[in-house]
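Below: one structure, written as structure tokens.
2 protein chains.
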Amino acid sequence: MEQRISLITLAVDDLEATRRFFEDGLGWTQAPGGNEHIAFYQLTGSALALYSRAHLAKDLGRDLPAETLGGMTIAWNARSEEEVDTAYAEALTAGAEVVVRPEKVFWGGYSGYVSIPGGHLLEIAYNPFWPLSADGSITLPPADPEAG
Amino acid sequence: MEQRISLITLAVDDLEATRRFFEDGLGWTQAPGGNEHIAFYQLTGSALALYSRAHLAKDLGRDLPAETLGGMTIAWNARSEEEVDTAYAEALTAGAEVVVRPEKVFWGGYSGYVSIPGGHLLEIAYNPFWPLSADGSITLPPADPEAG
């Protein structure tokens, strides 16, 4: 299997609330193709879906736990520590809740976590070892710094 | 916040087992910068991390539930239905467990789910509405087909 992940899907109980967080709160644009049970967002090279937990459960043929916190996180990387602070404040204004406020972290970066509407964890981080390209793509360094 | 997700982090209890699944099983290459608690993989435009659940819990300052199934899924998109079957078989050989075998699904594609070592859900799918570029990048269609 070629080395890629095409889609990240977040199971949500209230799609509208999570959708509003990304669209009204963060200013993201939903791609066509969604409906009242699913919403898609173009990312750099991949895509994000918000999907009704009930529908995902039906697709999987099993019940899904309501507790989603902590099994998986997604991260939004900034270009500077200042941009982390700005983005963190923006996320709170958009309806996210504080989990860990941005701080210098052991791996040499600057990072905080919020819980977004629906309960998923979003890290907002600056990693000086992982520069972002103009389009926001991340390229992991070839050498062996103390990245994290 | 610019529209992107930089990093997907899977919390795992046995990093070595999940690492072997991706590297020995699927043939993925780990990026430098990892250690016994974390492993990184370059994706198209973003990155994947496997991270010790205990360490993530420490970063977050809270306990994390051991049940990780179902709150979030990641998907690997193939270029054809045949490639789904091949990849699904490869994932099983690599140590994943059957959740839903590949089948024609309501949104017009062909998709199956496995549980990978560590319990996370991986969808393996062909979506005829979402062509992959040569490098594996997904671009969501501009029009309004019945994508999913």
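Heads up: the protein sequence lines correspond to chains A and B, in order.
Residue numbers for the first sequence follow full-length UniProt numbering, beginning at 1 and rising by one.
Residue numbers for the second sequence follow full-length UniProt numbering, beginning at 1 and rising by one.
Beta carbons are placed, not taken as given, at the ideal position from N, Cα and C, and that holds for glycine.
Legend entry - Helix, strand or coil at B:Leu-121 according to DSSP, with G and I counted as helix: Translated into the one-based positions of the second sequence, residue 121 of chain B becomes position 121. Looking at B:Leu-121 - three-state DSSP - the assignment turns out to be strand.
Legend entry - heavy atom of the ligand ADP below 7 Å from B:Gly-71 C-beta: Absence of the ligand ADP from the depicted structure is noted, as is the absence of any ligand whatsoever, leaving it without description.
Inset, instruction - Alpha carbon to alpha carbon, how far is A:Gly-71 from residue 152 of chain B? Give it in angstroms, no decimals. - result: Since the first and last residues shown for chain B are 1 and 148, residue 152 of chain B lies out of range.
Inset, instruction - Kindly indicate if chain A contains any beta-carbon less than 8 Å away from that of B:Val-99. - result: Position 99 of the second sequence, counting from 1, holds the residue named residue 99 of chain B. Residue contact check for B:Val-99 against chain A: a CB pair falls below 8 Å.
Legend entry - Selected residue, minimal CA-CA separation from B:Asp-85, among B:Pro-131, B:Trp-130 and B:Glu-123: Numbered from its first residue, the second sequence carries residue 85 of chain B at position 85. The residue with the shortest Cα to Cα distance from B:Asp-85 is B:Glu-123.
Inset, instruction - Return the residues of the segment 9-21 of chain B that lie within a Cβ-Cβ distance of less than 9 Å from chain A, sorted by chain order. - result: Residues Thr-9, Leu-10 and Ala-11.
Legend entry - 8 Å CB neighbourhood of A:Ser-46 in its chain, flanking five on each side removed: Mapped onto the first sequence, residue 46 of chain A falls at position 46. So the qualifying residues of the chain are Arg-4, Ile-5, Ser-6, Leu-7 and Ile-8.
Inset, instruction - Below 8 Å between beta carbons is the criterion; list the residues of the segment 32-52 of chain A that meet it against any residue of chain B, in chain order. - result: Listed by position, the residues of the segment 32-52 of chain A near chain B (Cβ gap below 8 Å) are Pro-32, Gly-33, Ile-38, Phe-40, Tyr-41, Gln-42, Leu-43, Thr-44, Gly-45, Ser-46, Ala-47 and Leu-48.
Legend entry - Backbone CA spacing between B:Ala-78 and B:Glu-2 [nearest angstrom]: As a working note, residue 78 of chain B is residue 78 in the second sequence. As a working note, residue 2 of chain B is residue 2 in the second sequence. Whole-angstrom Cα-Cα distance: 27 Å.
Legend entry - Distance between B:Leu-132 and B:Ile-138 (C-alpha atoms, nearest Å): For the purposes of this step, residue 138 of chain B is identified with residue 138 of the second sequence, where counting begins at 1. For the purposes of this step, residue 132 of chain B is identified with residue 132 of the second sequence, where counting begins at 1. Each residue's alpha carbon lies about 5 Å from the other.
Inset, instruction - Output yes or no for whether 8 Å exceeds the beta carbon distance between B:Gln-42 and A:Leu-48. - result: Here residue 42 of chain B is taken as the residue at index 42 of the second sequence, counted from 1. Here residue 48 of chain A is taken as the residue at index 48 of the first sequence, counted from 1. No; because the gap between Cβ atoms is not below 8 Å, this pair is not in contact.
Inset, instruction - Counting only the same chain and skipping the five closest in sequence on each side, list residues whose C-beta sits under 8 Å from that of A:Tyr-110. - result: Counted from its first residue, the first sequence places residue 110 of chain A at position 110. Excluding positions up to five away in sequence, the list reads Glu-81, Val-84, Pro-102, Glu-103, Lys-104, Ala-125 and Tyr-126.
Legend entry - Where the beta strand (DSSP E) containing B:Val-105 begins and where it ends: As a first step, residue 105 of chain B is located in the second sequence; it is residue number 105 there, counting from the start. Going by DSSP, B:Val-105 is part of no beta strand (DSSP E) at all; its letter is neither H nor E.
Inset, instruction - Could you check what DSSP says for B:Ala-89 in three-state terms: helix, strand or coil? - result: The sequence position of residue 89 of chain B within the second sequence is 89, counting from 1. The DSSP-derived three-state label of B:Ala-89 is helix.
Legend entry - Opening and closing residue of the beta strand (DSSP E) in which A:Leu-15 lies: For this step, residue 15 of chain A is matched to residue 15 along the first sequence. That residue, A:Leu-15, is in no beta strand (DSSP E); its alpha helix (DSSP H) goes 15-20.
Legend entry - Touching by the beta-carbon criterion (3+ pairs, under 8 Å), the segment 115-122 of chain A and the segment 89-97 of chain A: With the cut-off at 8 Å, the segment 115-122 of chain A and the segment 89-97 of chain A touch.
Inset, instruction - To the nearest angstrom, report how far apart B:Ala-129 and B:Gly-136 are at their CA atoms. - result: What you label residue 129 of chain B is simply residue 129 of the second sequence in a count that begins at 1. What you label residue 136 of chain B is simply residue 136 of the second sequence in a count that begins at 1. Note that residue 129 of chain B is Phe in the sequence shown, not Ala. Using only the alpha carbons, I get a separation of about 15 Å.
Inset, instruction - Buried or exposed for B:Phe-22, please, with buried defined as at least 16 other CB atoms from any protein chain shown within 10 angstroms of its CB. - result: By one-based count along the second sequence, residue 22 of chain B stands at place 22. Counting other Cβ atoms within 10 Å of its Cβ, B:Phe-22 reaches 16 or more and is therefore classed as buried.
Legend entry - Within chain B, partners of A:Leu-26 - CB distance below 7 Å: As a first step, residue 26 of chain A must be located in the first sequence, where it is residue number 26. Within 7 Å Cβ-Cβ: Met-1.
Inset, instruction - Could you have a look at B:Tyr-97 and say whether DSSP puts it in helix, strand or coil? - result: Stepping through the second sequence from its first residue, residue 97 of chain B is reached at position 97. Tyr is not the amino acid found at residue 97 of chain B; the sequence shown has Glu there. In the structure shown, the three-state DSSP call for B:Glu-97 is strand.
Inset, instruction - Helix, strand or coil for B:Leu-7, going by three-state DSSP, please let me know. - result: Position 7 of the second sequence, counted from the start, is the residue given in the question as residue 7 of chain B. When DSSP states are grouped into helix, strand and coil, B:Leu-7 belongs to the strand group.
Legend entry - Proximity below 8 Å, CB of A:Leu-10 to CB of A:Ser-52: Translated into the one-based positions of the first sequence, residue 10 of chain A becomes position 10. Translated into the one-based positions of the first sequence, residue 52 of chain A becomes position 52. No.
Inset, instruction - Count the other CB atoms, across all protein chains shown, that sit within 10 Å of the CB of B:Ala-31; report buried if there are 16 or more and exposed otherwise. - result: As a working mapping, residue 31 of chain B is identified with position 31 in the second sequence. Under the 10 Å beta carbon count, B:Ala-31 is surrounded by 16 or more other beta carbons and is classified as buried.
Inset, instruction - Quick one: list the residues of chain A neighbouring residue 169 of chain B, beta-carbon separation under 9 Å, in chain order. - result: Chain B is shown only over 1 to 148; residue 169 of chain B falls outside these bounds and no answer can be derived.
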